[in-house]
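Using my numbering, the first residue of the sequence shown is number 1, and each one after it goes up by one. Contents: one structure, followed by commentary.
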Amino acid sequence: MSAVFINAGIKEIYFIPDKIAFPGRGSGGSYTGVYGMGIRQNGNLTGNHLNEIRDNKNRAFPNLFNFKVDCPTMQVDDPDIINALITSAKKGGAAVAVVTSGVAKSGTSGNYTVVSPNGGLYIFDNAYSLGVDFELRFGLKERQCNITFEGAFKYGTGSGYHDYMISQSATNDLAFVADTLPKIDNTKVADSFISPSFIPSGVSGFGDANIVDFMCSVKTKSAKNGFNNSIVSALQVELTCTASGVDAAALADAIEYEFFSSATPISVVLGTLTLKFGKGGLTRIGSFDFGDDKREVTFTYSGEYDLEYVATASNEITFNAYLT
């Protein structure tokens, strides 16, 4: 029997912020509480042997099989998805569904089911959920959240989860709901020019006309357990901005050291979402670069916040350095 050729492509990558059964299976299901990448950069699902045992002839003997999902979404102007990623990190992982090529739609109007008889629907949930890492990057030239779901499972021919997952990819199904495959929402893309909102009040020379570049980065700090799941302990933060044409006063302001201790948080506005970084979590340093073709100064806030001290709300995430 000849194999069926399946074209490359990923229709959508979904997740729910908990290690539970992935919702929406079968006709008539729902995607309530499920988040999709929508408008994004290229995604990947990869699988490989992990920590294989090798002898003195470099022969490999299986141990674990690892699955990794990379999915950089551009729909970052969405408080719900960023909050859900933080919740996933706090819960130690997420249920994930990857819809690849070969997906068909069956059923009657209003009662569709997404199926993939040739093996295109991969679901990781319950005890086989995946760990999560992410980095939210928001600046002058880049606005996306790079998300990685990853985990390894015991290898065993005929009984290992890798066999089960691959065989189930041909029989899995999900409910089909209009405008959910993929979950495209162009209003969640942070387009048009945005000014950096974290310029310190005492720092001059960083108006829009002087900005060369800026970047806000929030990423997980994690360690891997024995099954290659990320255990997140903190969120690392870096806020940096570069300006050109600075005079002596602006240079002096920008390179001055600061241990951020104000009762008023540093606010970073990402469209409808506001990130608030509290006192005690960040320090600021600066540098300059003057040459024949540039005259620039840069300042950078950096630090990290304990994951349990990060509070999420509908349109606001507050990063606390202290238990509140």
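Glycine included, C-beta positions come from ideal geometry on N, C-alpha and C. Computed from a prediction, not measured in an experiment: that's the story for all the values here.
- Item | N- and C-terminal bounds of the alpha helix (DSSP H) containing residue 325 | Residue 325 lies beyond the residue range present for the chain, which begins at 1 and ends at 324; the question has no answer from this structure.
- Message: Going by DSSP in three states, residue 308 sits in which element: helix, strand or coil?
- Response: If you number the sequence shown from 1, residue 308 lands on position 308. Correct three-state label for residue 308: helix.
- Query: Since residue 193 and residue 139 are thought to touch, with beta carbons under 8 Å apart, how far apart are those beta carbons, to the nearest angstrom?
  - Reply: Position 193 of the sequence shown, counting from 1, holds the residue named residue 193. Position 139 of the sequence shown, counting from 1, holds the residue named residue 139. About 11 Å; that fails the 8 Å criterion.
- Item | Three-way DSSP call (helix, strand, coil) for residue 91 in this model | Reading the sequence shown from its first residue, position 91 is the one you call residue 91. Correct three-state label for residue 91: helix.
- Under the three-state DSSP convention, the category residue 301 falls into: Indexing the sequence shown from 1 puts residue 301 at position 301. Looking at residue 301 - three-state DSSP - the assignment turns out to be strand.
- Which residues share a DSSP beta bridge with residue 244? Residue numbering aside, residue 244 sits at position 244 when the sequence shown is read from its first letter. Beta-bridge annotation (DSSP): residue 244 is paired with 296.
- Message: On the criterion of 16 or more Cβ atoms from any shown chain inside 10 Å, does residue 301 qualify as buried, or is it exposed?
- Response: Indexing the sequence shown from 1 puts residue 301 at position 301. That one is buried.
- Determine the DSSP secondary structure at residue 209, reduced to helix, strand or coil. Indexing the sequence shown from 1 puts residue 209 at position 209. Here residue 209 sits in helix by DSSP.
- Message: I'd like to check one pair, residue 43 with residue 10: are the Cβ atoms closer than 7 Å?
- Response: Locating residue 10 in the sequence shown gives position 10, where the first residue counts as 1. Locating residue 43 in the sequence shown gives position 43, where the first residue counts as 1. Closer than 7 Å, so yes.
- Item | Host beta strand (DSSP E) of residue 322 (start-end) | Numbered from 1 along the sequence shown, position 322 holds the residue referred to as residue 322. Note, residue 322: premise wrong, no beta strand (DSSP E); not H, not E.
- Item | Supposed close pair residue 236, residue 144 - CB separation, criterion 8 Å | Mapped onto the sequence shown, residue 236 falls at position 236. Mapped onto the sequence shown, residue 144 falls at position 144. A Cβ-Cβ distance of about 17 Å is found for the pair residue 236 and residue 144, leaving them out of contact under the 8 Å criterion.
- Pick out whichever of 264, 131, 46, 189 has its Cα sitting closest to the Cα of residue 122. To locate residue 122, count along the sequence shown from 1; it is residue 122. Comparing Cα positions, the closest option is 46.
- Task: Work out the CA separation of residue 70 and residue 147 for me, nearest whole Å.
- Result: As a working note, residue 147 is residue 147 in the sequence shown. As a working note, residue 70 is residue 70 in the sequence shown. Cα to Cα, residue 147 sits roughly 6 Å from residue 70.
- Reducing DSSP to helix, strand and coil, say where residue 105 ends up. By 1-based counting over the sequence shown, the position of residue 105 is 105. DSSP places residue 105 in strand when its eight states are reduced to three.
- Task: Out of 177, 187, 119, 74, state which residue places its alpha-carbon closest to the alpha-carbon of residue 165.
- Result: Here the question's residue 165 lines up with position 165 in the sequence shown. Nearest of 177, 187, 119, 74 to residue 165, Cα basis: 119.
- Item | Residue of 114, 73, 153, 205 minimising C-alpha distance to residue 130 | Position 130 of the sequence shown holds residue 130. Among 114, 73, 153, 205, the Cα nearest to that of residue 130 belongs to 153.
- Item | One or two residues paired with residue 48 in a DSSP bridge | The residue you call residue 48 lines up with position 48 of the sequence shown. 66, per the DSSP bridge assignment.
- Is it right to say residue 53 is buried, meaning 16 or more other beta carbons lie within 10 angstroms of its own, or is it exposed? Within the sequence shown, the letter at position 53 stands for residue 53. Answer is exposed; the Cβ neighbour count stays below 16.
- Message: Just to check my reading of the structure: residue 20 and residue 95 have Cβ atoms closer than 8 Å, yes? What is that Cβ distance to the nearest angstrom?
- Response: Taking the sequence shown and counting its residues from 1, one reaches residue 20 at position 20. Taking the sequence shown and counting its residues from 1, one reaches residue 95 at position 95. Yes, residue 20 and residue 95 are in contact; Cβ-Cβ is about 6 Å, under 8 Å.
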